[in-house]
Amino acid sequence: DDFSLDVADGEFVTLLGPSGCGKTTTLRMLAGLIEPSGGRILFDDQDVTWLPPRKRNIGFVFQTPALFPHLSVADNIAFGLSVKGQKKPAIASKVEEMLAMVGLTGYGARLPGQLSGGQQQRVALARVLATDPRVLLFDEPLSALDKNLRDTLKYSILDLQRRTGKTAIYVTHDQSEAFAISDRIVVMNNGHIEQVGTQTDIYLQPETPYVAEFIGANNGLRGTIAGRATT
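And the structure:
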């Protein structure tokens, strides 16, 4: 509902809010998986509103790794490159580079079923990064992992984003996750934006009662303005 947001090149922006508030719908519109009912989506000066997903050059990391179980780790990472028609030597070199980047050197021959949940999600990240997308989209990629893995992997995601310089849009309902890795946070509620700002902005200067109640533990005191001094 009247959603408007500018994201800078190389920025890490998180959409934060409870289930059903519109975070994933927004992300899927950016990816081209859902058609918007109005408005426009621009990547730089290019209008991609009606462009099919395959032509947007985006990388989408889902809640579950969604790896091909019958393919090796290396073949999973290589899949997108093969579809783009790259030659085998270039693909092999890129796969090794991506495995090193996500800390899985030597794991290329393994099957996804031989990896832990955190390792599988890192393979999913490597597969996305291998195709050199212009925008990275994350749909609660850590929600299926245990707390210790989430705490470790969220910083791995931030580190990869910083090293690659990619623009990233991240969706989560976890406040601590959003506060740990975001440049800016977009607090959403019932399909619209409540507030956009840094962690300090939304924590210390909430613009709506919803943000004040949703972020952290606060005491709300209701009152009535009885008068206003003039100078």
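Numbering-wise (the numbering used here), the sequence shown opens with residue 1158 and increments by one. Just so you know, even glycine gets a beta-carbon here, dropped at the ideal spot from N, CA and C.
Comparing alpha carbon positions, the residue from G1380, I1248, G1174 and F1160 closest to S1194 is F1160. Here the alpha carbon of R1320 sits roughly 33 Å from the alpha carbon of E1364. The DSSP-derived three-state label of F1160 is coil.
Separation of I1314 and T1182 (C-alpha to C-alpha, rounded to the nearest whole angstrom) is 22 Å. When R1291, F1336 and S1273 are compared, the shortest CA-CA separation from D1303 is found for S1273.
V1170 is the residue among V1164, V1170, D1166 and L1306 whose C-alpha sits nearest the C-alpha of I1342. Collapsing the DSSP output to three states places Q1243 in coil.
In this structure, D1166 is the residue among G1242, D1166 and G1384 with its C-alpha nearest to the C-alpha of D1201.
Within the same chain, Cβ atoms closer than 7 Å to the Cβ of L1238 are found at I1248, K1251, A1287 and T1288, the five residues on either side in sequence being excluded.
Between G1275 and S1229, the C-beta gap is not smaller than 8 Å, which leaves the two residues out of contact.
If you look at R1341, you'll find it in the beta strand (DSSP E) that goes R1341 to N1346. Y1327 is positioned such that its CB atom lies closer than 8 Å to that of F1295.
Shortest Cα-Cα distance from A1283 to any of N1305, F1217 and A1301 involves F1217. Here D1296 is bridged, per DSSP, to V1328. For T1321, no beta strand (DSSP E) encloses it; the enclosing alpha helix (DSSP H) starts and ends at K1304 to T1321.
Ranked by Cα distance from I1234, the options A1257, R1213 and K1212 are led by A1257.
Around the beta carbon of P1209, a 10 Å sphere encloses fewer than 16 other beta carbons of the protein chains shown; the residue is thus reported as exposed.
Per DSSP, the continuous beta strand (DSSP E) segment holding F1169 begins and ends at F1169 to L1173. The Cβ atoms of L1293 and Q1277 do not sit closer than 8 Å to each other. Sequence-distant partners of E1351 (beyond 5 residues in either direction) whose C-beta falls short of 6 Å from its own C-beta, in its chain, are V1344, T1365, Y1367 and V1368. Contact between P1269 and V1285 fails: their C-beta atoms lie close to 15 Å from each other, not under 8 Å.
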